[in-house]
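Novice: Reading the sequence shown from the start, the letters are residues 16 to 463 in the working numbering. For each residue, glycine too, the CB sits at the ideal point set by N, CA and C. Owing to the predicted nature of the structure, the values given are computational and were not obtained by experimental measurement. Please see the structure below; I have some questions.
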Amino acid sequence: MCGENLGASEAHEPCSHDTFFFLVSKVAAADLDVYQLKILTSLNANFFADMLYNHGANIAKYRKDGSNDPLEYVSIHDIAVSSERSSAQPFFDIYVSYNNEKDYGDKVIQEALAGTSKWVASQQIAGIIGTTAAYQILFLEAVTKLKIAVQGCREADPTIGVNLVLNPIDEAAALLIGSMEGAKLGGSPDLEDGQLIYNMANRHAFQFNTINKSQYANSVSIIEDLLFAARGELDGLVCDNLERTTEAILRYAMVGVTQACIQLAIENDDLGDFSTAAGIAQAEGLALAILPLISQADASLAGNIAENLVRTPGEEVVEDGGVAVAKMLGHGFTAAFLLQCDKNLGSIQLVDPCENVDCNGGCTDASGGSSNRLTDPTSAKWFGAAVALVLVVVAFFILSRNKHFVSDMNVRLAERGNQILSEEPTLPKYPPRNPPPRVKRNSNANVV
């Protein structure tokens, strides 16, 4: 078999380009499982959706047992209960603690498929299953791959470097982007194609005025550049900066999810207590992707958001009002992810979720000082392009078996990335913040 695991004690035959592309495409096909689950459940075909969720249809990986059949199909259920998730620290423990359930995502989906959950309407079942699978289960799997990359970087033999079937940075990219976006930077022009983190940001970029000149989300552009940088840092075994880069990827991955929660809070504000609208279930599935992380920064604020977006049957939908919840999410976003609210979330329908939100110097993308890859879009574009060009050069010399030049080139590439990242300020664990007070609509206006 081509390649082996990170930190292998000896070099192995590298994968061919065709084999490598095939393996990555089978990881990216996770979005097809999500898409098909949503279609089946919306048609009340829960028996077939159950078979798809528990047994899989599109995701595959190489077997390690030398079987005649080199591929084994993996289901989203397998990913949801995998022991490998424990590598995604501290994220895994945060999600488990918040949900008080080790296999929290799997439990939600299994109950919805069995008809034993609080969701009854087919559109709501499709909504909770789709968002839970894409933005909780597959997101944590992407986190796992990024954490494995950092761990493998630290454990790799510096004389050999990284030898593996699939680069975990590429696997994480596949799980954030999916197969339906196509090969073009920025993704598919049809916003109905994508199903994962990448699409969620693009879907809301125009509405929130966070779209770039190439007509896709600013956060997506930054994530692309960070993924290129992480690839170079892993190849060069510059592990401290690889860790910082992967953490930045995960922060920016939450931009689109938070924007979706804000939009749904506003849209659901006018729904009745017993509404069966799909948006109520979608809001809960998306909120539960970010609430555990917001809770680490401000448990009280996370609790207030949960009361509005995590559904209790018979109670008022978005009880504090869409505007108030949007502002809560703006405060929670900055507190949890240390990113400037107005720059990353933007505003929608005359609602500014970032009103009175201040980093107080604690955000990683704060302006001022020398330009760096996280704050300057132009710099980020050129840095990403430079990384891509150097990787092409590296690939050429790999084929020429000039290992010493490749090693030196990777180290220099990673060192440049490290120099740029080192310009970011040293951060407190969480910045000071002034979250908005809760105001009940029946006692005052729904503006905080």
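1) May I have the straight-line CA-CA distance separating G201 from I277, to the nearest angstrom?
2) Per the contact definition of three or more C-beta pairs closer than 8 Å, is the stretch 191-199 in contact with the stretch 166-177?
3) In the DSSP assignment, what are the bridge partners of Y88?
4) What's the gap between the Cα of H92 and the Cα of A64?
5) Return helix, strand or coil for I264, following the three-state DSSP convention.
6) Exposed or buried, V135, counting other C-beta atoms within 10 Å across all chains shown (16 or more means buried)?
7) Which residue comes first and which comes last in the alpha helix (DSSP H) that contains P183?
8) I need the straight-line Cα distance from L365 to T379, nearest angstrom please.
9) Taking the C-alpha atoms as reference points, what is the distance between Y213 and M269?
10) Kindly list the residues whose CB is nearer than 6 Å to the CB of N61, restricted to its own chain and excluding five residues on each side of it in sequence; keep chain order.
11) Roughly how far, in whole angstroms, is the beta-carbon of N182 from the beta-carbon of L249, given that I think they are within contact range, below 8 Å?
12) Assess, as a yes-or-no matter, whether the stretch 240-255 is touched by the stretch 207-226 under the definition of 3 or more beta carbon pairs within less than 8 Å.
13) Output the boundary residues of the alpha helix (DSSP H) element that contains T327.
14) Work out the CA separation of V39 and L286 for me, nearest whole Å.
15) Kindly indicate which three-state DSSP category V270 falls into: helix, strand or coil?
16) Just checking, does the stretch 227-240 make contact with the stretch 103-121 on the three C-beta pairs under 8 Å criterion?
17) Please classify T131: is it buried, with 16 or more other beta-carbons within 10 angstroms of its beta-carbon, or exposed?
18) Taking 6 Å as the limit between beta carbons, can you name the residues of its chain near N227, skipping five residues before and five after?
19) Strictly by DSSP, which residues pair up with V366?
20) Just checking my contact of F106 with L52 at CB under 8 Å: how many whole Å lie between their CB atoms?
21) For A171, which of P368, L252 and Q311 has the nearest alpha-carbon?
22) Which residues does DSSP pair with I226 in a beta bridge?
23) L344 lies in the alpha helix (DSSP H); which residues open and close that run?
24) F289 to M343, Cα distance in whole Å?
Specialist: In this structure, then:
1) 23 Å
2) no
3) A75
4) 12 Å
5) helix
6) exposed
7) P183 to I192
8) 27 Å
9) 10 Å
10) L128
11) 7 Å
12) no
13) Unbroken run through T327: none, as it is neither H nor E.
14) 42 Å
15) helix
16) no
17) exposed
18) N233 and S236
19) I363
20) Not a contact, Cβ separation roughly 23 Å.
21) L252
22) A232
23) G337 to F352
24) 24 Å
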